[in-house]
Amino acid sequence: MEQQIKAILLANFESTFQCAIDEKMIQFQLTRKEFEGDITLVVFPFSKLMKSSPIDAANKIGELLKDKIAEIESFNVVQGFLNIVIAPSYWLKELSEINQDERFGFETANSKATIMVEYSSPNTNKPLHLGHLRNNFLGYAVAEIYKANGHKVVKTQIINDRGIHICKSMLAWERFSPVNAQGERETPTNTGLKGDKLVGKYYVEFDKNLNVEAKEVIAKWDKQAFDGFSENAVAEYKKFTAAKEDKDEKAIATLDDKIKELAKNETALMKDVKQMLVQWEARDPQTIELWKMMNSWVYDGFGVTYEKMQVDFDTLYYESDTYLLGKNVVEEGLKSGVLFKKEDNSVWIDLTAEGLDEKLLLRGDGTSVYMTQDLGTAIERFKEFPDMEGMVYTVGNEQDYHFKVLFLILKKMGYSWAESCYHLSYGMVDLPSGKMKSREGTVVDADDLIDEVVEKAKEMTNERGHLEGMSEAEKESLFKLIGLGGLKYYLLKVDPKKRMMFNPEESIELTGNTGPFIQYAHARIHSLVTRAESIGSFEGANLGAEEKEIIKLLSQYPAVIQEAAKELSPALIANFVYELVKAFNHFYQSVPIHIEENLANKNLRLIICINVGKVINSGMSLLGIDVPEKM
RNA sequence: GGCCCCGUAGCUCAGCUGGAUAGAGCAACUGCCUUCUAAGCAGUAGGUCACACGUUCGAAUCGUGUCGGGGUCACCA
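First residue of the first sequence: 11, per the working numbering; consecutive thereafter.
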């Protein structure tokens, strides 16, 4: 309808009012509830042009539109706002179109280019936590939203499975794991621990021991015992110690931290880990075997968590395969002159013209950095999927700068697709107690949280649910659906870009703006609709204010899906579904449905129910949330 | 310090391509289940949209500055 009005205005304005208008001047909004009308045209921009008062201009434009568009029943003018009343027949037609469209709001599947969505991308020595939940739910939802917009989607993650930090847990396990009666060190099998948790435990163990050793090193240094330490470290230590003179407490603490870092690097443990990394890079069979074994434990553990989270991936990348990629890209860049070399042979790109700084792409010794690998991986992926049009990286906003630089480099190197690479940058999840910090043990574990939320859903559902006739298995899956749905909704309803507060109590609430609130509405609708024996035509039905309100909302759904893809924001879907449910609950409470005597009216209401249910189901599925038929 | 993000009700968040009297939920208080699922609905109360200036017929929304919070500025990933 808005498109139609716009077209009419553009086509007729000049001939009618003798002045030209710009498309941007045509602004619509939904008519506010207190006025009569459906859509409102803002006439201030025109009144100036037409050299008449806003009210006068609005009346003239209103006449023009009413004359040209049959569905416009009437209009009224309040200040500079032209409120347009659209005929009931238009809304009823709108509803029957929605009703006939099984995939209402969705573009034809696979009608658009492939988009790759990367999310999760965990580090293999830390179990997944609350931050990963936001990441995974966001990434999964954005992938679904792209699909709804007609794109083919490849969901992927890159697993950070190599580097010194991985060797830490390997070494710690070899060195510190107790040995049982059978002569075995701890394994997921003999301890019953989830693999990722076991490996995570040894990563922590490494850190503990490293700290102990580092303290010993510092104690030696403080006694001026410098034998066996690298000259560099000793010199730095002396420099930092000297710098502590006359400094305030804070500055001293900073210096002490630096000394600690130095000392860590001088411990035997650190040297052994570095040695292990060298062995890994040399493909030493024993090291590789250990690495593979421990990684497989982690993947098993992660697999369980992903299953619980109900997220999945179409393809996986491992850093151990990709970390050497990008070096040849650097070569090309050097040839084309985009990159340059410094005296020490290191390779850089100069981004100062873009307001950024110089960025290193290859170390002097020829080894690559993170950026090198990311460049290589991106290019590789576009080769692998030739019909791919863009990529979305779901990564926390602390890496905003990194991605800005990455996309810029790709662009400078002439990859046109760099324009359609996006960083789905999301804010940190805070706890009421403040930031999550692994060192302070305030990290919320993903498995524990999901279990907790499902347990709570079970309690609440047993208390107030409608579970008659459900088997135990059906009940269990309902508890999961409600618990997980609540958690996902809680994390997705907030604008991804923003840092958010995670309140454990609120996350399992079921009243107000929550997942279960929406799920409940769906269950109600289902029971209502299944009760109807047959639903016929609503020809001749009376369109009341409640009915119209809902049809209007429903008709916005396609635009919301498009907007959500454009903004990379599942929150838009969540908020839309919430608005729809609120409007529906009002409708449900104020209008009789089965008791309605007029058959056409009853049918109209039932068909509205069916389509609200359909859109709830559809919208929630875009968020990765299931809705129940009973609860 | 440079750059980036954020600041809306007691709390958690919408609204931000400028538009009418700034909206929800939670928490508090009042009502509504012998008609369809009360995990619901209706209502009361709660605001200097951090602050200042500017642009505009019109600013929570755009610009500049100030204050406050966070992030980032590694030959780490």
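Note that the Cβ used here is the ideal one computed from N, Cα and C, for glycine as well.
Given the structure is predicted, the values throughout are model-derived calculations rather than measurements.
What residue from Ile535, Met511, His536 has the CA that sits closest to glycine 141's CA?
Numbered from 1 along the first sequence, position 131 holds the residue referred to as residue 141. If we check each option's Cα against that of glycine 141, Met511 comes out closest.
Own chain residues within Cβ distance below 7 Å of aspartate 455, not counting five before or after
Translated into positions along the first sequence, residue 455 becomes position 445. Answer for aspartate 455: Pro137, His139, listed in chain order.
Could you tell me which residues DSSP pairs with glutamate 128 in its beta bridges?
Along the first sequence, one-based indexing puts residue 128 at 118. Under DSSP, the beta-bridge partners assigned to glutamate 128 are Thr166, Tyr403.
Might you give, ordered along the chain, the residues of its own chain that have their beta carbon closer than 7 Å to the beta carbon of alanine 253, omitting 5 neighbours on each side?
Indexing the first sequence from 1 puts residue 253 at position 243. Excluding residues within five positions, the ones whose Cβ falls inside 7 Å are Leu265.
Per DSSP, what kind of secondary structure is glycine 141 in: helix, strand or coil?
Reading the first sequence from its first residue, position 131 is the one you call residue 141. In the structure shown, glycine 141 adopts helical secondary structure according to DSSP, grouped into three states.
Close-in-space but distant-in-sequence residues of the same chain around tryptophan 231 (CB under 6 Å, 5 per side omitted):
On the first sequence, position 221 is the one that residue 231 refers to. Here the set comprises Tyr247.
Segment limits, beta strand (DSSP E) that includes tryptophan 358
What you label residue 358 is simply residue 348 of the first sequence in a count that begins at 1. In the DSSP annotation of this structure, the continuous segment of the beta strand (DSSP E) that includes tryptophan 358 starts and ends at 357-360.
Does the stretch 195-215 come within contact of the stretch 291-308, defined as at least 3 CB pairs closer than 8 Å?
These segments touch.
Inspect the beta-carbon positions of phenylalanine 548 and asparagine 613 and report whether they are closer than 8 Å.
Stepping through the first sequence from its first residue, residue 548 is reached at position 538. Stepping through the first sequence from its first residue, residue 613 is reached at position 603. For phenylalanine 548 and asparagine 613, yes; Cβs fall inside 8 Å.
Kindly indicate which three-state DSSP category alanine 191 falls into: helix, strand or coil?
Counting from 1 along the first sequence, the entry for residue 191 is found at position 181. Coil, per DSSP.
Should the stretch 532-542 be regarded as contacting the stretch 551-561, the criterion being three or more beta carbon pairs within less than 8 Å?
Contact between the stretch 532-542 and the stretch 551-561 is absent, with fewer than three C-beta pairs closer than 8 Å.
For arginine 474, tell me which candidate among Lys640, Lys207, Pro188 has the shortest Cα-Cα distance.
Here residue 474 refers to the residue found at position 464 when the first sequence is read from its first residue. Minimum Cα distance to arginine 474 is reached at Lys640.
Whole angstroms are fine: how far does the CA of aspartate 77 sit from the CA of isoleucine 94?
Residue mapping note: residue 94 aligns to position 84 of the first sequence, counting from 1. Residue mapping note: residue 77 aligns to position 67 of the first sequence, counting from 1. For isoleucine 94 and aspartate 77, the gap between their C-alpha atoms comes out near 13 Å.
Tell me which residue opens and which closes the alpha helix (DSSP H) that glutamine 37 is part of.
Within the first sequence, numbered from 1, the residue matching residue 37 stands at position 27. Counting along the chain, no alpha helix (DSSP H) covers glutamine 37, and no H or E run does either.
Tell me whether tyrosine 411 is buried or exposed, calling it buried when 16 or more other Cβ atoms sit within 10 Å of its Cβ.
The count along the first sequence starts at 1 and reaches residue 411 at position 401. Tyrosine 411 comes out exposed.
So, do the stretch 147-164 and the stretch 317-326 have three or more beta carbon pairs nearer to each other than 8 Å?
At 8 Å Cβ cutoff, the stretches touch.
May I have the straight-line CA-CA distance separating methionine 280 from glutamine 383, to the nearest angstrom?
In the first sequence, residue 280 corresponds to position 270, counting from 1. In the first sequence, residue 383 corresponds to position 373, counting from 1. The alpha-carbon atoms of methionine 280 and glutamine 383 are separated by roughly 25 Å.
Alpha carbon to alpha carbon, how far is glutamate 519 from glycine 437?
Position 509 of the first sequence, counted from the first residue, corresponds to residue 519. Position 427 of the first sequence, counted from the first residue, corresponds to residue 437. Cα-Cα distance, rounded: 23 Å.
contact_flag[the stretch 172-186, the stretch 341-349] where n(CB pairs < 8 Å) is 3 or more:
Segments in contact, no.
Quick check: isoleucine 108 and phenylalanine 114, are their CB atoms within less than 8 Å of each other?
Mapped onto the first sequence, residue 108 falls at position 98. Mapped onto the first sequence, residue 114 falls at position 104. For the pair isoleucine 108 and phenylalanine 114, the CB atoms are nearer than the 8 Å cut-off.
State the start and end residues of the unbroken alpha helix (DSSP H) segment that holds leucine 181.
Within the first sequence, numbered from 1, the residue matching residue 181 stands at position 171. Note, leucine 181: alpha helix (DSSP H), 174-186.
DSSP three-state label for cysteine 619, please.
Position 609 of the first sequence, counted from the first residue, corresponds to residue 619. Helix.
If you follow the alpha helix (DSSP H) that leucine 488 is in, where does it begin and where does it stop?
Stepping through the first sequence from its first residue, residue 488 is reached at position 478. Element bounds for leucine 488: 482-502.
Express the C-alpha separation of proline 514 and aspartate 375 in angstroms, rounding to a whole number.
The sequence position of residue 375 within the first sequence is 365, counting from 1. The sequence position of residue 514 within the first sequence is 504, counting from 1. Spanning the two alpha carbons is a distance of roughly 49 Å.
Cβ-based burial, glycine 193 [other Cβ within 10 Å; buried from 16]:
Position 183 of the first sequence, counted from the first residue, corresponds to residue 193. When all chains shown are included, glycine 193 counts as exposed.
What are the start and end residues of the beta strand (DSSP E) that includes glutamate 83?
As a first step, residue 83 must be located in the first sequence, where it is residue number 73. Per DSSP, glutamate 83 belongs to the beta strand (DSSP E) from 82-88.
Proximity of threonine 387 and tyrosine 327 at Cβ, strictly below 8 Å
Numbered from 1 along the first sequence, position 377 holds the residue referred to as residue 387. Numbered from 1 along the first sequence, position 317 holds the residue referred to as residue 327. In this structure, tyrosine 327 lies closer than 8 Å to threonine 387 by Cβ.
Going by DSSP in three states, methionine 11 sits in which element: helix, strand or coil?
Translated into positions along the first sequence, residue 11 becomes position 1. DSSP places methionine 11 outside both helix and strand once states are collapsed to three, so it counts as coil.
Given that a residue counts as buried once 16 or more other Cβ atoms are within 10 Å of its Cβ, and exposed if not, what is isoleucine 389?
As a working mapping, residue 389 is identified with position 379 in the first sequence. With 16 or more other Cβ atoms from the protein chains shown falling within 10 Å of its own Cβ, isoleucine 389 counts as buried.
Rounded to a whole number of angstroms, what is the C-alpha to C-alpha distance between leucine 418 and alanine 575?
On the first sequence, position 408 is the one that residue 418 refers to. On the first sequence, position 565 is the one that residue 575 refers to. Distance between the alpha carbons of leucine 418 and alanine 575 is about 22 Å.
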